[in-house]
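Trainee: Protein chains in written order, with this note's numbering: chain B, 363 to 704; chain F, 20 to 321.
Let me begin by handing over the structure; questions about it come next.
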């Protein structure tokens, strides 16, 4: 694989996807420490919101320590070069949240839908594009459908006004060949001026390999997370990916030692638990289940005595999609009743 | 004079047709007119086969017949954009409007919670909120009828096949309207609504989760009884409304997990979200008819 001289824009997820692993409890000080460290290391784009995006604050997903507005107002003014992005899932957040984020100085809006439901994003992508924001369509759980279906949905989002389309491996299920095929098709068929992005999870230990495959196939934006702080077994660990890109002489613009230090000195100490491929995270990848279900399934195991792994496999069998966290307790209750535990 | 109130359905799509099929079994409401804007529409043809009078020129095509056919109830299953005009024209002729669109000009109506009140006041336009609202607000109300609820949150998960282009293009309207009705009708100080669209095949049954935060420690026995009673009330018009799990209690949080199976009249059984709208709309009209028959309310004079 020859990535020499290829331009890769790295996008940090630790303050958004990492919120899942922190049960949305990052403090403003922690957000500022991580984001200023990343800015100083040369990371160009940093996502900041509740783990489930703008408006994610809820009993269903967890109330955060601070509102999205408070986080954004704390972080945005501190940035010297880095831009801030915000995620929005239609059905959870609304265009009102989007406007709030824009008013806070957010540069990039990423509108996320399940990979077959792009048409719920028209309102939000249209509004972000109209406000001349960097507007991204983010197709989640992209392992569940064919490359042709991803392309069809990507074209919808492109038509609504997105200037960048992501193929998102929310479950950490994909293997590199699948990434190559899907990203390759998007690159070949979308408007040449539309950027392509890839978002990986490390549940099968494939996040670095998948991200390389994505770049090789034409993706220019790669999501990762410093020290891997993200849902499930975490996102593509950014300091590792930077080191790999460095050896491949790709054009990434990040200071390797500085990002290593952010990982080691700031992010690892704030983790509530090690972010690693434990048996439950591995099950997410293996069964193709949305990564943020991890801690919910583990809590259900503690409460109802049903193994998290069994719950996750059943959720995969039922074809659950991102956002269905409420299914986890419901299913655990049903399984516990069937086993006579409650 | 027959006790049945005569009705017009506006919008011969999935909702209007399902409503028509339910209405043909009703003891209180008789479908007389079906209104559309496309003479070739399947829905109008189907209505005609059922012996219903049809207009393919919108509401205007049947206004002249309102008095002679003694039309008393209208159901609008079109869109928020045209609802206001439909309602104005029919209200002027003394027709009560049941609004199945997101327009929400009139007050929200969730039958087991506040229908009686609307009927007794002869409210001339009532809005049926959203499918997610019909499925969940009775549960929020079941808790708030026992003790004060500071926060109510509902999560509606619907199959991809059961949600049409109108909802998809304006999904924010769903979350806003439902959250507003969780407060206004459910009785929560603050409401939040989330909708998830799931494309699994075979399509999943509509499911709903309702979380409430009570101000004081929840009275578990009283809330459990209230929830079970409310489920029975909804089952009177949606037999497939099912309590799957709960209520379960975690501190001041009360959670209820529901599944809604439709009757499978015109819409498939998994589309409980659409069924609960048509059933609630019909139930609403029936209550007006019952109250009028008992002499509790007097319909506009003609």
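Glycine included, C-beta positions come from ideal geometry on N, C-alpha and C.
Does the contact criterion of 3 or more C-beta pairs under 8 Å hold for the region 148-160 of chain F versus the region 277-295 of chain F?
Mentor: Because the criterion of three Cβ pairs below 8 Å is met, the region 148-160 of chain F and the region 277-295 of chain F touch.
Trainee: Reducing DSSP to helix, strand and coil, say where residue 320 of chain F ends up.
Mentor: Residue state, collapsed to three classes: coil.
Trainee: Could you name the residues of chain F that residue 470 of chain B contacts, counting a contact when the two beta carbons are closer than 8 Å?
Mentor: What residue 470 of chain B touches in chain F: nothing, since even the nearest Cβ is about 20 Å away.
Trainee: Tell me the rounded alpha-carbon separation between residue 660 of chain B and residue 427 of chain B.
Mentor: Approximately 21 Å between the Cα atoms of the pair.
Trainee: Within the 8 Å Cβ cut-off, does residue 211 of chain F reach chain B?
Mentor: Yes, its Cβ sits closer than 8 Å to a Cβ of chain B.
Trainee: By Cβ distance below 6 Å, which residues in the same chain neighbour residue 407 of chain B in space, the five residues on each side in sequence not counted?
Mentor: So the list reads 373, 445 and 447, once near-sequence residues are dropped.
Trainee: Strictly by DSSP, which residues pair up with residue 539 of chain B?
Mentor: According to DSSP, residue 539 of chain B bridges with nothing at all.
Trainee: Name the DSSP bridge partner or partners of residue 373 of chain B?
Mentor: Beta-bridge pairing links residue 373 of chain B to B/407 and B/585.
Trainee: Starting from residue 117 of chain F, follow the beta strand (DSSP E) in both directions and report where the run begins and ends.
Mentor: Here the beta strand (DSSP E) through residue 117 of chain F covers 115-118.
Trainee: Are residue 515 of chain B and residue 191 of chain F touching if we call contact CB-CB under 8 Å?
Mentor: No, they are not a contact pair.
Trainee: In chain F, which residues lie with their C-beta within 8 Å of the C-beta of residue 696 of chain B?
Mentor: Result: 263 and 264.
Trainee: DSSP three-state label for residue 564 of chain B, please.
Mentor: DSSP places residue 564 of chain B in coil when its eight states are reduced to three.
Trainee: By DSSP, does residue 651 of chain B sit in helix, in strand, or in coil?
Mentor: Note: residue 651 of chain B maps to coil in three-state DSSP.
Trainee: Using the Cβ count rule (16 or more neighbours within 10 Å means buried), how would you classify residue 664 of chain B?
Mentor: Residue 664 of chain B should be labelled exposed.
Trainee: Among all the DSSP beta bridges, which residues are the ones paired with residue 277 of chain F?
Mentor: In the DSSP output, where bridge partners are listed per residue, residue 277 of chain F has F/227 and F/262.
Trainee: Rounded to a whole number of angstroms, what is the C-alpha to C-alpha distance between residue 420 of chain B and residue 414 of chain B?
Mentor: Roughly 10 Å between the two C-alpha positions.
Trainee: Which residue from F/311, F/155 and F/72 puts its Cα closest to that of residue 261 of chain F?
Mentor: Cα-wise, what sits closest to residue 261 of chain F is F/155.
Trainee: If distances are taken between C-alpha atoms only, which option among F/116, F/232 and F/167 comes closest to residue 78 of chain F?
Mentor: Ranking the options by Cα distance to residue 78 of chain F, first place goes to F/116.
Trainee: Along the chain, where does the alpha helix (DSSP H) that runs through residue 461 of chain B open and close?
Mentor: Note, residue 461 of chain B: alpha helix (DSSP H), 457-465.
Trainee: Please list, in chain order, all residues of the same chain as residue 478 of chain B whose beta carbon is under 8 Å from its beta carbon, the five residues on each side excluded.
Mentor: 506, 507, 511 and 515.
Trainee: Just to confirm the assignment, what range does the beta strand (DSSP E) spanning residue 53 of chain F have?
Mentor: First-last of the beta strand (DSSP E) with residue 53 of chain F: 48-54.
Trainee: Can you grab the Cα-Cα spacing for the pair residue 160 of chain F / residue 33 of chain F, in whole Å?
Mentor: Approximately 29 Å, taken between the alpha carbons.
Trainee: What are the boundary residues of the beta strand (DSSP E) that includes residue 150 of chain F?
Mentor: Where residue 150 of chain F is concerned, there is no enclosing beta strand (DSSP E), although the alpha helix (DSSP H) it sits in stretches over 150-163.
Trainee: Which chain B residues are close to residue 174 of chain F, counting only those with a beta carbon under 7 Å from its beta carbon?
Mentor: Residues of chain B passing the Cβ test: 422 and 688.
Trainee: Using only the alpha-carbon positions, how far apart do residue 470 of chain B and residue 461 of chain B sit?
Mentor: Their Cα atoms are separated by approximately 12 Å.
Trainee: Once the 5 residues before and after residue 329 of chain F are set aside, which same chain residues still bring their CB inside 6 Å of it?
Mentor: Shown here, chain F extends from 20 to 321; a query on residue 329 of chain F therefore has no answer.
Trainee: For chain F, check one thing: does any of its Cβ atoms lie closer than 8 Å to the Cβ of residue 457 of chain B?
Mentor: So, interface residue.
Trainee: Leaving out five residues before and five after residue 435 of chain B in sequence, what residues of the same chain have Cβ atoms less than 7 Å from its Cβ?
Mentor: Excluding positions up to five away in sequence, the list reads 466.
Trainee: Any beta-carbon of chain F closer than 8 Å to the one on residue 473 of chain B?
Mentor: No, residue 473 of chain B does not count as interfacial toward chain F.
Trainee: Can you tell me whether residue 672 of chain B is helix, strand or coil according to DSSP?
Mentor: Three-state result, residue 672 of chain B: helix.
Trainee: Strictly by DSSP, which residues pair up with residue 433 of chain B?
Mentor: Beta-bridge pairing links residue 433 of chain B to no other residue.
Trainee: List the endpoints of the continuous beta strand (DSSP E) containing residue 44 of chain F.
Mentor: Note, residue 44 of chain F: premise wrong, no beta strand (DSSP E); not H, not E.
Trainee: Would you list, in sequence order, the uninterrupted alpha helix (DSSP H) runs of no fewer than 4 residues that lie entirely inside the region 446-520 of chain B?
Mentor: The region 446-520 of chain B contains these whole alpha helix (DSSP H) runs: 457-465 and 484-492.
Trainee: So, is the C-beta of residue 179 of chain F closer than 8 Å to a C-beta in chain B?
Mentor: Taking Cβ atoms only, chain B reaches closer than 8 Å to residue 179 of chain F, which makes this a yes.
Trainee: At a cut of 8 Å, does the region 632-644 of chain B reach the region 593-604 of chain B through at least three beta carbon pairs?
Mentor: Enough Cβ pairs lie closer than 8 Å, so yes.
Trainee: Roughly how many angstroms lie between the CA atoms of residue 235 of chain F and residue 172 of chain F, to the nearest whole one?
Mentor: Approximately 17 Å between the Cα atoms of the pair.
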